[in-house]
Structure formats: C-alpha cells, structure tokens
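The listed protein sequences derive, respectively, from chains A and B. Everything in the first sequence is counted per the working numbering, starting at 634 for the first residue and increasing by one. Everything in the second sequence is counted per the working numbering, starting at 37 for the first residue and increasing by one. Here is the structure we will look at, set down as structure tokens.
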Amino acid sequence: TQLLEQSPQFLSIQEGENLTVYCNSSSVFSSLQWYRQEPGEGPVLLVTVVTGGEVKKLKRLTFQFGDARKDSSLHITAAQPGDTGLYLCAGGKGAQKLVFGQGTRLTINP
Amino acid sequence: GAGVSQSPSNKVTEKGKDVELRCDPISGHTALYWYRQRLGQGLEFLIYFQGNSAPDKSGLPSDRFSAERTGESVSTLTIQRTQQEDSAVYLCASSLGLAYGETQYFGPGTRLLVL
C-alpha cells in the first residue's frame, strides 16, 4: 500500500525555470522529510518539517507542510543543472519508521 | 567522520543462491534500518533495529529474508534462495535513535542482480 503519492513522477525542465513537486497522503504524519538521491548514492536529507503549515527555505528550495499534516510541497526557484536528481518525500508515523513516496525524478537541462 | 558503509557495492548471483549483505552504521548510532529500492522506485522499509529491543521485521517481504545486528554495530541482511524479483538496491541507514523523525544517514547501497 502506497501511503505517500508524489507528483509528478518525472519532470524535465530548462535551467532557470521554477518547479513544484507534491507529496500527498490521506494519512496524517508526525513529520515529513525530503531527501535527494543522486545515482549510485543513498538519499541525503534536505529538510524535516514537523508543524502543520510550516515553511522552510534552503537557498532556492522552499518546503511546505500542509496545515493538516497530510501533504507537502517542494518548490525550486531558478532551477540549476545541479538540482538534477531523485527527490523523495518520507512521512514519519510511529517511532522512527518512515514511509517513502515513490520519488520524483528531476532533470534540469542546461 | 566515517559515514554508513555497505558491502559489497554490487552483487550478481544466480537464482536460488543465498546472498549476505553487510552494513556498518555510524559509530554511536543505536538505530539501524534496511530498505529496498527497486529501479526507479522509492524506498520500501524492510527491518528496523533499535538498541537491544526486538527488531521491527514488519517490512520483510517473505521468510527468505532475515537480518541480524551485532549489538549496536554491524548488521547483515540475508536473502535465501534468491529470486529474480529480489533484484534491487538494498540501502542501509542509521540514526541516533533518540526520537522519531530524526535524520537517517544512508549508505551507498548494495546493487543486487539475480540472474
């Protein structure tokens, strides 16, 4: 059972454009994390959000946790080729067991 | 400091053979997780170890899969009588084990191909 749905699954845009990736669920999560994974490597944590409505910014990346703590979004401004990768959202339910979405594969073309 | 390491980095085996995958967590991390990632997919939880507590095995897909952890150090994931559907990247992660939602640090994974 897939509890976290990410959209889009694939996204290819030109350098300099803006984009938003969505992570949706019918379940409430205690926390929501975003990871980035590059080929041949494990995922690396970008951010954790824990409060409904919370917004966190990491340079050109803006992360938002929905008010009801069921969904989250990742917005990238002026995308760069270095942003290319697999972006995974993961929800925390219960003690330290994360549920991962299927990922969004992002390609930024120079 | 050293991160999470996994070995081997790649493993090719024949259907029906057993394989053993190893994970060395970050020193001092009491929590250790195994995940499976099929090609182009997200992460599928397999098993979780926390200190001396009984492991959470709820994600293991069949009784061919088992894992052990020696104290708060090395863990091995064993797959018996491998099937082609077992082909995937197996990722290990560790964390401090202090609170839920804390950062998990991932190893580079073991790429398993079952012919």
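Beta carbons are placed, not taken as given, at the ideal position from N, Cα and C, and that holds for glycine.
Item to check | Proximal residues of chain B, C-beta to C-beta of GLN735(A) below 7 angstroms | outcome: At a C-beta separation below 7 angstroms, GLN735(A) has these neighbours in chain B: GLN77 and GLY78.
Checklist entry - Does GLY673(A) have its Cβ less than 8 angstroms from a Cβ in chain B? => result So yes, GLY673(A) belongs to the interface.
Checklist entry - Within the 8 angstroms Cβ cut-off, does LEU96(B) reach chain A? => result Output row for LEU96(B): interface = no.
Next on the checklist: For a contact defined as C-beta to C-beta under 7 angstroms, what are the partners of LEU644(A) on chain B?
Outcome noted: What LEU644(A) touches in chain B, judged by beta-carbon distance under 7 angstroms, is nothing: the nearest beta carbon there is about 14 angstroms away.
Next on the checklist: Under 8 angstroms: do the segment 702-714 of chain A and the segment 56-63 of chain B share three or more Cβ pairs, one atom per stretch?
Outcome noted: These segments do not touch.
Next on the checklist: Can you determine whether any heavy atom of the ligand PLP sits closer than 7 angstroms to the C-beta of PRO97(B), and answer yes or no?
Outcome noted: You won't find the ligand PLP in this model; it holds no ligand whatsoever.
Checklist entry - First and last residue of the beta strand (DSSP E) that includes GLY724(A)? => result Counting along the chain, the unbroken beta strand (DSSP E) around GLY724(A) starts and ends at 718-725.
Checklist entry - Touching or not, the segment 78-86 of chain B and the segment 100-108 of chain B, by the rule of three or more beta carbon pairs under 8 angstroms? => result Yes, they touch.
Checklist entry - Given that a residue counts as buried once 16 or more other Cβ atoms are within 10 Å of its Cβ, and exposed if not, what is VAL125(B)? => result In the assembly as shown, VAL125(B) is a buried residue. Its beta-carbon has 16 or more other beta-carbons within 10 Å.
Checklist entry - Can you give the Cα-Cα distance for SER102(B) and GLY734(A), rounded to whole angstroms? => result SER102(B) and GLY734(A) have their C-alpha atoms some 24 angstroms from each other.
Next on the checklist: Could you give the first and the last residue of the continuous beta strand (DSSP E) run that contains ASN657(A)?
Outcome noted: Membership of ASN657(A) in the beta strand (DSSP E) is indicated by the continuous run 652-657.
Checklist entry - Any contact of the segment 716-730 of chain A with the segment 655-675 of chain A, i.e. 3+ C-beta pairs under 8 angstroms? => result With contact defined as three or more Cβ pairs closer than 8 angstroms, the segment 716-730 of chain A and the segment 655-675 of chain A are in contact.
Item to check | GLY145(B): contacting residues in chain A (beta-carbon distance under 9 angstroms) | outcome: Within 9 angstroms Cβ-Cβ: GLY673, GLU674 and GLY675.
Next on the checklist: Between GLY143(B) and SER41(B), how many whole angstroms is the CB-CB distance? I'm expecting something under 8 angstroms.
Outcome noted: Sure, about 6 angstroms apart at Cβ, within 8 angstroms.
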